[in-house]
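S.K.:
2 protein chains.
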Amino acid sequence: MPVGLSQTEIEQIDRVVSNRKRVNKGQSLFNAGQRFDAMYAVRSGFFKTLITAPDGREQVTGFQMAGEILGMDGIVNSQHTCDAIALEDAEVCVMPYDNMEAISRDFPTLQHHIHRVMSRELVRDQGMMMMLGSMRAEERLAAFLVNLAQRLNARGFSASEMVLRMTREEIGSYLGMKLETVSRTFSKFVDDTLIEVKQRHIKIINMDGLRSLAAPEARSL
Amino acid sequence: MPVGLSQTEIEQIDRVVSNRKRVNKGQSLFNAGQRFDAMYAVRSGFFKTLITAPDGREQVTGFQMAGEILGMDGIVNSQHTCDAIALEDAEVCVMPYDNMEAISRDFPTLQHHIHRVMSRELVRDQGMMMMLGSMRAEERLAAFLVNLAQRLNARGFSASEMVLRMTREEIGSYLGMKLETVSRTFSKFVDDTLIEVKQRHIKIINMDGLRSLAAPEARSL
DNA sequence: CGTAGTTTTGAGAGGCGTCAAGGAGCGTGG
DNA sequence: CCACGCTCCTTGACGCCTCTCAAAACTACG
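Chains H and U are the protein sequences, given in the same order.
Following my numbering, the numbering of the first sequence begins with 389 at its first residue and continues without gaps.
Following my numbering, the numbering of the second sequence begins with 389 at its first residue and continues without gaps.
Below, the structure written as structure tokens:
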């Protein structure tokens, strides 16, 4: 996972993260309230994280795919604050936190890597606030699709065709809108020939159009 | 700032964070795009952080007061991703990142503390997503007031009376609503005798009422 | 092939945004 | 000391975006 590590470092790290764990579709990797003692790197599969309010309302806070890290929010109180649920059969690397902490003292590269991963998550969260706080439904969904396509592409998949692993309701929860609005907005994108939709198969026809929806240019004047 | 440190540790850390910096009201501590080389601990005063979209829309991502940390989002790309602006004359401790990294290798307590601070911010962000994604204007503003009162109280101020350091527009940006809606909602809270409002002076009359608005109980059945 | 879950689509309602006008507080300068 | 202008705040009227409620179509799975 980390780059720029020496052979020795890699071996050390391997000893820490060699433990694998399978999580079947629908199962949770961890739940809010559970004791935190490890973070997890997704090796394969697809996860969602969500938090639940006292009144039962759920908010999906993220979708994680291969290479992304889960559970960092648990450090502060030694207990997880969200549920992580596999949306398809998945495998993760278990990274016991105490070991990570200990080893990163000897390997500055790893230490810095951990900071970068957490920092990246903070930046992502800022973007989420921007989305949820000041974008309209269309813009949010377009940004969501563009982001998903980009992440899939970075993993060697097609940037234009994808199979969503989550329901409309989960997308809606993530984007702060109702499932009906997600569905309607998808339909509107189809009408505008931006995408093609067949159930959870999405084909992006006009990526530039989506992008311009997701991040509108500065108004001329 | 950190707790549970030995005298030696504290001295070491002091050497790193002894640099102070003043920031006058309205000035920025750093701006998005600037090179990142230090994080900052607020000693006194009050900050807002905000990000700006390509089309100029701004989103306030947080308000920081004494003891809180600014700039952690800059680690990942060695450049700040948001602006930090003082809402009143302020003073911060400058914590050069390279030094922090180096010293935290020798002091596990500090190392863990850094992780906790970043993790706490991740948890806060999750809460923000919940607010922005699935709460209504009333609930958001109530949660905002309750949170502010709690943080002020933790710093030795009254939990029931406060002076807002930010405008209605900044509150609105933070909470994903327009300034008019913030104003109207304040007025509604006054009508409901939850608070008293005189410009930026807020007096909380019925904290329990606010709390129940901010985090509605599970519906009976 | 039936059943449950998911998705689409419609109709109507409502919360919040937009546009607009006026008022209050405050620093500055005559 | 008061007038002026600026920024910020409040309130009203109206409209739209999104939610709510509802029904039907489609898919997956047992």
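Each residue gets a CB set at the ideal place from its N, CA and C atoms; glycine is no exception.
These figures come from a predicted structure and were not determined experimentally.
1) Can you tell me whether DSSP reads residue 521 of chain H as helix, strand or coil?
2) Starting from residue 368 of chain U, trace the alpha helix (DSSP H) both ways and give me its first and last residue.
3) Which residues mark the beginning and the end of the beta strand (DSSP E) in which residue 432 of chain H is found?
4) Are the Cβ atoms of residue 437 of chain U and residue 472 of chain U separated by less than 8 Å?
5) When you compare the CB positions of residue 485 of chain U and residue 425 of chain U, do they come within less than 8 Å of one another, or not?
6) Using a Cβ-Cβ distance under 8 Å, would residue 604 of chain U count as near chain H?
7) List the residues of chain U that residue 496 of chain H touches, going by C-beta distances under 9 Å, in chain order.
8) Can you list, in chain order, the residues of the segment 517-545 of chain H whose Cβ is nearer than 9 Å to any Cβ on chain U?
9) Excluding sequence positions up to five away, which residues of its chain have a Cβ less than 6 Å from the Cβ of residue 540 of chain H?
10) Threshold first: 4 residues or longer. Then list the alpha helix (DSSP H) segments lying entirely within the segment 545-597 of chain U, N to C.
11) Return the first residue and the last residue of the alpha helix (DSSP H) that residue 422 of chain H is part of.
12) Which residues of chain U have a Cβ atom closer than 7 Å to the Cβ of residue 476 of chain H, listed in chain order?
13) Return no unless some Cβ of chain H is closer than 8 Å to the Cβ of residue 449 of chain U.
14) Tell me whether residue 607 of chain H sits in a helix, a strand or coil according to DSSP, three-state version.
15) My assumption, with CB atoms under 8 Å, is that residue 601 of chain H sits in contact with residue 509 of chain H. Please give the rounded CB distance.
16) Residues in the same chain with beta-carbon distance under 8 Å from residue 546 of chain H, minus the five sequence neighbours each way, listed in chain order, please.
17) Ordered along the chain, which non-local residues of its own chain (more than five positions away) have a Cβ less than 6 Å from that of residue 589 of chain H?
18) Would you mind working out which of U:583, U:452, U:584, U:542 sits nearest residue 562 of chain U, comparing C-alpha positions?
19) So with CB distances below 9 Å, who are the chain U contacts of residue 510 of chain H?
20) Look up residue 532 of chain H in the DSSP assignment and say whether it is helix, strand or coil.
21) Thinking residue 499 of chain U and residue 493 of chain H are a contact (beta carbons under 8 Å), I'd like their distance in whole angstroms, please.
22) Around the C-beta of residue 616 of chain U, are 16 or more other C-beta atoms found within 10 angstroms, so that it is buried, or is it exposed?
23) From this set, U:593, U:433, U:394, U:521, which residue's C-alpha is nearest residue 481 of chain U's C-alpha?
M.R.: Reading it off the structure:
1) helix
2) Only positions 389 to 609 of chain U appear in the structure, and residue 368 of chain U is not among them; the question remains open.
3) 426-440
4) yes
5) yes
6) yes
7) 489, 490, 493
8) 517, 518, 519, 520, 521, 522, 523
9) 550
10) 556-563, 567-579
11) It is not in any alpha helix (DSSP H) - residue 422 of chain H carries neither H nor E in the DSSP assignment.
12) Result: empty, since nearest Cβ-Cβ is about 23 Å, beyond 7 Å.
13) yes
14) Here residue 607 of chain H scores only 43 on pLDDT, less than 50, and its place in the model is too uncertain to base an answer on.
15) Going by Cβ atoms, the distance from residue 601 of chain H to residue 509 of chain H rounds to 25 Å, so no, they are not a contact pair.
16) 540
17) 551
18) U:452
19) 460, 461, 463, 464, 469, 506, 509, 510, 513
20) helix
21) 7 Å
22) Beyond the ends of chain U as shown, which are 389 and 609, falls residue 616 of chain U; an answer cannot be given.
23) U:433
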